[in-house]
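The block underneath contains the structure these notes are about, expressed in C-alpha cells.
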Amino acid sequence: MDIFQEMPQKPHFRPLKKYIGLEREGHALGHMITFSTLVETTRNSKLGTPTSCFEDILKVLANLKLHGFDVRKVQTRVELLLKKKDSQGSLNKTSEIAKGKLIKVTVEVGEHEAELDKVTKDINKVSHRITELRELVANLNDKHDSLTKKKLEAGFRITNLQKKADSIDKCTRS
1 MDIFQEMPQK
11 PHFRPLKKYI
21 GLEREGHALG
31 HMITFSTLVE
41 TTRNSKLGTP
51 TSCFEDILKV
61 LANLKLHGFD
71 VRKVQTRVEL
81 LLKKKDSQGS
91 LNKTSEIAKG
101 KLIKVTVEVG
111 EHEAELDKVT
121 KDINKVSHRI
131 TELRELVANL
141 NDKHDSLTKK
151 KLEAGFRITN
161 LQKKADSIDK
171 CTRS
C-alpha cells in the first residue's frame, strides 16, 4: 500500500466504534484497501471510462471522508475527468450535428450542380436555336431585298412597257 506513503492519511474510524475489536479492525483495513484501490483506479481512469464508474468512486470517497480520509485530490481528479468527459460528449454531439449539416449541404450542392448542368444545357440549346434563327432572318432579309429589287425592276419595266404601249396607241390613233 504505497499509496499511503504518497498520500499520508489520518483516518479516525469513529463510525466503527459500534463494532467489536476484530470486526472494527477488519472494517478499518477494508476502508484502507478501498481507498488504495480507488486511488489506483482513478490514476488509471481515462475519458473512455464509463461515467457510472466515476459516480461510484465519488460515492465511495464521500463514505471514506466520513472515516477521516483526505479524499480531496482523488475527488478533484474524478470531477475533472467527469467535466472533460462531459465536454467531450458535448463536442461529439456538436460534431455529429455539424457532420449532419455538412451532409445535408453537400446533397444540396449536388442538387444545385445537377440543376445548373440542366440549365446550362438549356441555355446552349436556346443559344444554338437563336443562332439558327438569326441565320434564317439574315437569309430571309437577303431574299426580301432581292425580291424587292426584282419588284422594283419589274415595276420600271412595266412603266417603260406602259409608256411604249401608250406611245404605240398614240401613234396608231393619229
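The numbering of the sequence shown is full-length UniProt numbering, which starts it at 1 and goes up by one. From the three backbone atoms N, C-alpha and C, an ideal C-beta is built for every residue, glycine too.
- Ranking 53, 48 and 47 by CA distance to the CA of residue 37 puts 53 first.
- Look at residue 136 here: in three-state DSSP terms it is helix.
- Shown here, residue 50 sits in coil according to DSSP, grouped into three states, outside any helix or strand.
- Assignment of residue 70 by DSSP, reduced to helix, strand and coil, places it in the coil class.
- When C-alpha distances from residue 6 are compared across 35, 136 and 17, the shortest belongs to 35.
- Counting along the chain, no alpha helix (DSSP H) covers residue 13, and no H or E run does either.
- Its chain contains no residue whose beta carbon lies nearer than 7 angstroms to that of residue 80 once the 5 sequence neighbours on both sides are disregarded.
- Take the alpha-carbon of residue 163 and the one of residue 171: they are about 12 angstroms apart.
- In the three-state DSSP reduction, residue 158 falls in the helix class (H, G or I).
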